[in-house]
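Engineer:
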């Protein structure tokens, strides 16, 4: 006897988690794998609703672990979608297929990423689930974790060495998605892991372009810092300072006490002394690309925007100079001289050295 959706008493007992009723019905009937109109078995319904004790009993009678419902979902998919970790453990221990995909090509890792179930994802990864399987939208678990703003999941997938450059059906990498939605914490994780910043989406936009278009100013600056750092790192593969850099590396805005003095120098330079086009000249001298400059200039706050543009450019430059272990005042002095502002260079040098008498990196350029 079935109800309007084709469910038997066993279906209903499994769905509601009534273990004693399930045991009674299993003793009575020989067919345990009857499906409802959605092709769900009692095993599907127990997993879907997180009834681990019922699930265990159904597994003991030998029900098909990898049977699929009308949407191509196995019991493992349904347990993952519902966040039922105890059911996940039972099914994996029973030997179910961990990499099976639904009709929409979703894996259990996709569902874990969708809802930020980090512990479940750890279990699935330990069981050998593929990190880079793509669903019907060509999205990996990483794409989904970024879109749904789950930084802990993003970190876990990065540690599992997932592919950070794989494009979805919009040709967007995970960083494109982070840039589109202004997700700074996630972008930091991705940038720290190292990605291809030249990748373009269907509109021909890089992640930097996307961040600029969305007016995500801090994220724009982070991506430029990363781009410049990647180039420096490539040119200095034999550097002896790798461990020091790894410990201190970040692409976020610098608020450290030890850089406060030079940041104040930079602020005064950008807001009081540099003329409208001079920051661009400095940017070119320090090998900022045209794409970097365009992205910075995308922010418009009025006719004095150049001051903010210059300040941002100088802070980005400062990041790279510090990471490279260079003398910041000396580099700034030489940059100003290169654009014909020797007077300003000398003034900045004197002021910086006077304000910071204990600094180990006093300017030695004369």
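In UniProt numbering, the protein residues as written are 1 to 366. The beta carbon of each residue, even a glycine, is placed where N, CA and C say it ideally should be.
Helix, strand or coil: how does DSSP classify residue 4 here?
Structural biologist: Mapped onto the chain shown, residue 4 falls at position 4. Of the three classes helix, strand and coil, the one that applies to residue 4 here is coil, per DSSP.
Engineer: Do residue 88 and residue 120 have their C-beta atoms closer together than 8 Å?
Structural biologist: Within the chain shown, residue 88 is the residue found at index 88, counting from 1. Within the chain shown, residue 120 is the residue found at index 120, counting from 1. Yes, Cβ-Cβ distance for residue 88 and residue 120 is below 8 Å.
Engineer: If you follow the alpha helix (DSSP H) that residue 436 is in, where does it begin and where does it stop?
Structural biologist: No answer is possible for residue 436: it lies beyond the span of the chain, which begins at 1 and ends at 366.
Engineer: What ranges does the alpha helix (DSSP H) occupy inside the UniProt domain "Death" (278-352), keeping only unbroken runs of at least 4 residues that lie completely in it?
Structural biologist: Taking only runs of at least 4 residues, the alpha helix (DSSP H) segments lying wholly in the UniProt domain "Death" (278-352) are 278-285, 290-297, 305-323, 328-338.
Engineer: Which residues bound the alpha helix (DSSP H) around residue 184?
Structural biologist: Within the chain shown, residue 184 is the residue found at index 184, counting from 1. Residue 184 -> alpha helix (DSSP H) spans 184-193.
Engineer: When the Cα atoms are used, what is the spatial distance from residue 218 to residue 100?
Structural biologist: For the purposes of this step, residue 218 is taken as the residue at position 218 of the chain shown. For the purposes of this step, residue 100 is taken as the residue at position 100 of the chain shown. Cα-Cα distance, rounded: 40 Å.
Engineer: Going straight from the alpha carbon of residue 54 to that of residue 148, what length do you get?
Structural biologist: Locating residue 54 in the chain shown gives position 54, where the first residue counts as 1. Locating residue 148 in the chain shown gives position 148, where the first residue counts as 1. Their Cα atoms are separated by approximately 32 Å.
Engineer: Using only alpha-carbon positions, find the residue among 279, 105, 122 that is nearest to residue 292.
Structural biologist: Mapped onto the chain shown, residue 292 falls at position 292. Closest by alpha carbon: 279.
Engineer: Can you tell which of 112, 146, 98, 144 has the C-alpha that lies nearest to the C-alpha of residue 128?
Structural biologist: Working through the chain shown from its first residue, we reach residue 128 at position 128. Among 112, 146, 98, 144, the Cα nearest to that of residue 128 is on 98.
Engineer: Specify, as a first and last residue, the run of the alpha helix (DSSP H) that residue 113 falls within.
Structural biologist: Position 113 of the chain shown, counting from 1, holds the residue named residue 113. Its alpha helix (DSSP H) spans residues 108-115.
Engineer: Is it true that the CB of residue 164 sits closer than 8 Å to the CB of residue 193?
Structural biologist: Numbered from 1 along the chain shown, position 193 holds the residue referred to as residue 193. Numbered from 1 along the chain shown, position 164 holds the residue referred to as residue 164. Closer than 8 Å, so yes.
Engineer: Going by alpha carbons, who is nearest to residue 444 out of 179, 170, 175?
Structural biologist: Past the edges of the chain, shown from 1 to 366, lies residue 444, and the structure says nothing about it.
Engineer: Looking at the structure shown, is residue 166 part of a helix, part of a strand, or coil, going by DSSP?
Structural biologist: By one-based count along the chain shown, residue 166 stands at place 166. Three-state result, residue 166: coil.
Engineer: Let me know if residue 108 comes out buried or exposed under the rule of 16 or more other beta-carbons within 10 Å of its beta-carbon.
Structural biologist: On the chain shown, position 108 is the one that residue 108 refers to. So residue 108 ends up on the buried side.
Engineer: Relative to the C-alpha of residue 21, which candidate in 42, 254, 266, 153 has its C-alpha closest?
Structural biologist: One-based indexing of the chain shown puts residue 21 at position 21. Of the candidates 42, 254, 266, 153, the one whose C-alpha sits nearest the C-alpha of residue 21 is 42.
Engineer: Once you ignore the five residues that flank residue 281 on each side, which residues in its own chain have a CB closer than 6 Å to its CB?
Structural biologist: Against the chain shown, residue 281 aligns to sequence position 281. Within the same chain, residue 281 has close Cβ partners 339.
Engineer: Alpha carbon to alpha carbon, what distance is there between residue 47 and residue 58?
Structural biologist: Start at 1 with the first residue of the chain shown, and residue 58 comes out as number 58. Start at 1 with the first residue of the chain shown, and residue 47 comes out as number 47. Taking the straight line from one Cα to the other gives about 10 Å.
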